[in-house]
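Trainee: Structure incoming, see below.
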Amino acid sequence: ARRKQQGKPCPNRQCNGKLEVLSCRGHCGYPVTHFWRHTNHAIFFQAKGQHDHPRPEAKSTSEARRSAGAVRRVRGLALVLAHDAAVGSK
């Protein structure tokens, strides 16, 4: 989590916790650093150390999951309204 996200509710619907900042300490107790490495034939983006936490979910994956949840909620509301209309017309 970024500092501005700290204290906000977890975006996972099954979790009722709050986000907190946990620093990565995967490189001899220091955060993992990333840097550009230049060679004669290419430029690489390289990490120094190993992360001590799971890789975060890609934004496209989380957005797709959220939009699928929104579609389900809309369909559920449509079914409830259709049922209420059918019951009300009897």
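Residue numbering for the sequence shown is 147 to 236, as defined by the working numbering. All C-beta atoms in this analysis are idealised placements derived from N, C-alpha and C, irrespective of residue type, glycine included. Please read these numbers as outputs of a predicted model, since none were measured by experiment.
(1) Secondary structure at R212, three-state DSSP: helix, strand or coil?
(2) What residue range is occupied by the uninterrupted beta strand (DSSP E) comprising T179?
(3) Under 8 Å, Cβ to Cβ, is there at least one residue of chain C near V178?
(4) Leaving out the 5 sequence neighbours to the left and right, which residues in its chain are closer than 8 Å to Q192 when beta-carbon positions are compared?
(5) Just verifying my parser: in three-state terms, what is the DSSP assignment at A188?
Mentor: In short, the structure shows the following:
(1) helix
(2) T179 to H184
(3) In summary, chain C is missing from the structure at hand, where a single protein chain is found.
(4) H180, F181, W182 and R183
(5) coil
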